[in-house]
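With my numbering applied, the sequence shown covers 9 to 398. All residues carry an ideal CB built from backbone N, CA and C; glycine is no exception. For reference, the structure discussed in these notes is given below.
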Amino acid sequence: MAGAGARSVTILGATGSIGASTLDLIEREPERYDVVALTAHRNVAELADAARRTRARFAAVADVACGPELADALAGSGIATGAGPEALVEAARMGADWTMAAIVGCAGLAPTMAALEGGRTVALANKEALVSAGALMTAAARAHGATLLPVDSEHNAIFQCFPHDAPERVRRILLTASGGPFRTMDREAMRGMTPAQAVKHPNWSMGTKISVDSATLMNKGLELIEAAHLFPVPLDRFEIVVHPQSVIHSMVETIDGSVLAQLGLPDMRVPISYTLAWPERMATPCTGLDFAALGRLDFEAPDPVRFPALTLTRDAMAAGGAKPAILNAANEVAVAAFLEGRAGFLDITEIVLKTLERYDPPAPGTLNEVLGIDARAREVARGALETMVA
Ligand code: NAD
Ligand code: MG
Numbered sequence: 009m010a011g012a013g014a015r016s017v018t019i020l021g022a023t024g025s026i027g028a029s030t031l032d033l034i035e036r037e038p039e040r041y042d043v044v045a046l047t048a049h050r051n052v053a054e055l056a057d058a059a060r061r062t063r064a065r066f067a068a069v070a071d072v073a074c075g076p077e078l079a080d081a082l083a084g085s086g087i088a089t090g091a092g093p094e095a096l097v098e099a100a101r102m103g104a105d106w107t108m109a110a111i112v113g114c115a116g117l118a119p120t121m122a123a124l125e126g127g128r129t130v131a132l133a134n135k136e137a138l139v140s141a142g143a144l145m146t147a148a149a150r151a152h153g154a155t156l157l158p159v160d161s162e163h164n165a166i167f168q169c170f171p172h173d174a175p176e177r178v179r180r181i182l183l184t185a186s187g188g189p190f191r192t193m194d195r196e197a198m199r200g201m202t203p204a205q206a207v208k209h210p211n212w213s214m215g216t217k218i219s220v221d222s223a224t225l226m227n228k229g230l231e232l233i234e235a236a237h238l239f240p241v242p243l244d245r246f247e248i249v250v251h252p253q254s255v256i257h258s259m260v261e262t263i264d265g266s267v268l269a270q271l272g273l274p275d276m277r278v279p280i281s282y283t284l285a286w287p288e289r290m291a292t293p294c295t296g297l298d299f300a301a302l303g304r305l306d307f308e309a310p311d312p313v314r315f316p317a318l319t320l321t322r323d324a325m326a327a328g329g330a331k332p333a334i335l336n337a338a339n340e341v342a343v344a345a346f347l348e349g350r351a352g353f354l355d356i357t358e359i360v361l362k363t364l365e366r367y368d369p370p371a372p373g374t375l376n377e378v379l380g381i382d383a384r385a386r387e388v389a390r391g392a393l394e395t396m397v398a
């Protein structure tokens with residue numbers, strides 16, 4: 009039960025990997041948090057269970073068809089329920105002090121924006137929202153006085169090392185990449201890789217979409233775009249370095265040649281806790297590093313030939329306008345097709361490339377325009393997929 013002075017929190021995407029880690033931290037100290045709203049796509053049982061455990065005020069599913077089942081599951085609990093995309097926006101608008109934005113993909117755009125417009129603290133895991141609408145998101149945060157805290161481990165690491173009062177002192181930002189499950193594989197061998205092989209990340213346990221993105225290195229490319237929106241540093245000062253152990257989560261090099269890094273075991277509860285406690289720190293059950301047992305840390309240059317997503321993403325960000333939103337939408341379509349066995353592993357970046365070539369609308373100025381571009385880019389990507397597989 010939340011105590012006096014408890015912090016009100018909302019979790020958008022409560023049933024996912026990040027959502028579960030966030031709930032784990034919150035449920036360890038229930039007296040400190042007052043859970044306002046929890047949302048999910050269509051996992052009613054898990055959402056209802058979390059809502060009951062945390063005594064949430066509101067629970068919402070994105071899929072309208074799941075609304076009656078959710079209402080049934082929470083009947084008599086006193087927890088209000090909602091269904092459909094507007095219900096997620098409603099959840100985001102309930103005025104929680106702290107909101108975790110952890111919906112995967114462009115589906116998180118509107119609720120994440122609604123949370124930012126509330127002017128409180130938003131812990132952002134939903135990287136696709138920043139990729140598609142980064143300029144609008146960061147502008148909304150500024151306009152409404154919201155605090156935007158990065159959850160993605162790399163960005164959280166950079167945030168912890170960044171000289172926020174003097175960004176001109178940054179010479180380089182080094183985004184570390186594990187290299188994914190196919191780090192050492194040649195391109196021909198990648199062609200036959202299955203979804204089960206692609207989602208087997210060497211270090212992190214995550215949702216399926218981001219796991220496939222980690223295998224294509226699209227995840228690192230999306231993170232480059234995410235970082236360029238979050239930190240006021242020119243794009244050419246962001247570099248990617250492959251670091252297979254995922255112990256260094258990212259680094260900031262200052263003009264004097266110092267390199268600051270944040271290290272830890274790969275457990276998302278560490279960056280999530282940082283955003284929950286910010287500007288303080290809170291105790292977590294996460295263990296520290298045993299350096300003697302680790303023995304060594306390795307580094308490699310990334311290979312843009314085997315992993316074309318690296319170049320695609322950097323070019324899309326440099327071109328700006330609608331390009332990052334198109335890239336993101338095409339990637340979501342391609343990853344879903346790959347997971348459903350309708351596209352091969354190497355087709356993923358090919359579909360993204362073709363969509364970027366075939367669709368070139370003007371830059372979006374509003375969230376609705378971003379959503380329109382996203383919808384059209386999905387159609388173009390599906391068309392590209394059909395011609396490739398045919
Ligand atoms: P996940 O697939 O495990 O969970 C996604 C959540 O979003 C679930 O609660 C699901 O119900 C909800 N959701 C899915 N589709 C939806 C839709 N159409 N409408 C509304 N809700 C929907 O994903 P995850 O691994 O927790 O990742 C969430 C976000 O955090 C992603 O953007 C991912 O890139 C980012 N992220 C994840 C990790 C990680 O370790 N898992 C690390 C860094 C960043
Ligand atoms: Mg990351």
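- Counting C-beta pairs closer than 8 Å gives three or more between the segment 227 to 239 and the segment 138 to 157, which meets the contact rule.
- Pairwise C-beta distances place the segment 282 to 298 out of contact with the segment 220 to 229, as fewer than three of them are shorter than 8 Å.
- About 20 Å separates the CB atoms of Ser161 and Met325; that is not less than 8 Å, and the two are not in contact.
- Not one heavy atom of the ligand NAD is found less than 7 Å from the C-beta of Thr62.
- DSSP links Gln270 through a beta bridge to Ser258.
- Fully enclosed alpha helix (DSSP H) runs of no fewer than 4 residues occupy 52 to 62, 75 to 81 and 93 to 100 of the segment 43 to 102, in order along the chain.
- A distance of 8 Å or more separates the beta carbons of Leu347 and Val249.
- In the three-state DSSP reduction, Arg177 falls in the helix class (H, G or I).
- Excluding the 5 residues flanking it on each side, Gly92 has same chain C-beta neighbours closer than 6 Å at Val72, in chain order.
- Contact annotation, Val69 with His49: C-beta distance approximately 7 Å; criterion of less than 8 Å satisfied.
- Residue environment: Ala53 is assigned as exposed (fewer than 16 neighbouring CB atoms within 10 Å of its CB, all protein chains considered).
- In the structure shown, the three-state DSSP call for Ser16 is strand.
- Taken from the Cβ of Glu231, at least one heavy atom of the ligand MG lies inside 7 Å.
- Residue pairing by DSSP places Leu157 opposite Ala131 in a beta bridge.
- In the three-state reduction of the DSSP assignment, Thr283 falls in the helix class, which pools H, G and I.
- Here the C-alpha atom of Asn134 lies approximately 26 Å from the C-alpha atom of Asp173.
- Within the segment 215 to 246, the complete alpha helix (DSSP H) segments of 4 residues or longer fall at 216 to 224 and 226 to 238, listed in chain order.
- In this structure the segment 97 to 116 lies against the segment 21 to 38, because at least three pairs of beta carbons, one per stretch, are closer than 8 Å.
- Taking a cut-off of 8 Å on C-beta distances, the segment 330 to 339 touches the segment 368 to 378, as three or more cross pairs fall below it.
- For the 8 Å CB-CB criterion, Pro158 and Asn164 form a contact.
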